[in-house]
Amino acid sequence: MHISAKADSAARALLELAREPSRPLTCEAIASSQQIPFRFLKSVVGELRKAGLVRSQRGCEGGYWLGRPADEITLLDVARAVDGELITLRGQSLAGLDYPTPASRLPGVWRRIEADAAALLGATTLTALLPEGAGGRVDQRGAA
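Below is the structure:
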């Protein structure tokens, strides 16, 4: 299995935002704190914004906030926002994969791995990954 740099960076950026949800953070601050290249992070955050996982505000008081409370964002949401399919085979979805005998049962194993990974990632929220006492539930405006 392969976890993309985009999915890893996206999760780390969201955890950084979830740590102090009442204030916005700039991409520069997140990139510095998490040691992620700024230009790369900027594109990843753009994908997270399109997916509704972050929201932004321009200006000197601006930055990024979580788009939903941390306890409502799962690692599955994050992976799908930046990578689309969770697991692919040579870039193709596993949905229609079919092999002739004797390998005919192999696609079922690959789909089972994908289902198990989706279940684990879907059950893991940002809140569950935060250190004890960090973060908190905030409303959509970012107020605690």
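Each residue of the sequence shown is one higher than the one before, counting from 7 in our numbering.
We put the CB at the ideal spot given by N, CA and C, even for glycine.
Strand pairing of residue i, partner residues [DSSP]
i: Tyr105; result: For Tyr105, which the question treats as bridged, DSSP gives no partner whatsoever.
i: Ser110; result: Answer by DSSP bridge pairing: none, since Ser110 is not bridged.
i: Leu31; result: Tyr70
i: Ser99; result: Thr94
i: Thr131; result: Thr80
Reference residue i, options the options, closest by Cα
i: Arg61; options: Lys12, Cys33 and Ile9; result: Cys33
i: Arg18; options: Arg111, Thr133 and Thr107; result: Thr133
i: Glu138; options: Pro108, Ser38, Ala24 and Ser10; result: Ala24
i: Cys66; options: Tyr105, Val50 and Leu31; result: Leu31
i: Ser99; options: Glu120, Pro108 and Thr107; result: Glu120
i: Ser10; options: Arg74, Ser39, Leu81 and Arg29; result: Leu81
i: Leu20; options: Gln41, Trp71, Leu103 and Ala109; result: Trp71
Cβ distance (whole Å) where residue i is taken to contact residue j below 8 Å
i: Pro27; j: Ala76; result: 7 Å
i: Asp89; j: Ala13; result: 5 Å
i: Ser15; j: Phe44; result: In fact, because the Cβ distance is near 11 Å, the residues do not count as touching under 8 Å.
i: Leu59; j: Gly73; result: 5 Å
i: Ser39; j: Glu22; result: 6 Å
Closer than 9 Å to chain D by CB, residue i
i: Glu34; result: Absent from the structure: chain D. Only one protein chain is present.
Check: residue i C-beta below 8 Å from any heavy atom of the ligand SAH
i: Gly97; result: You won't find the ligand SAH in this model; it holds no ligand whatsoever.
Fill in: Touching by the beta-carbon criterion (3+ pairs, under 8 Å), the segment 94-102 and the segment 115-122
Pairwise C-beta distances place the segment 94-102 in contact with the segment 115-122, as three or more of them are shorter than 8 Å.
Discussion item. Quick check: the segment 82-89 against the segment 119-129, are at least 3 beta-carbon pairs closer than 8 Å?
Written reply: yes
Worksheet item: What are the start and end residues of each continuous alpha helix (DSSP H) run of 4 or more residues lying completely inside the segment 37-80, in chain order?
Response: 44-56
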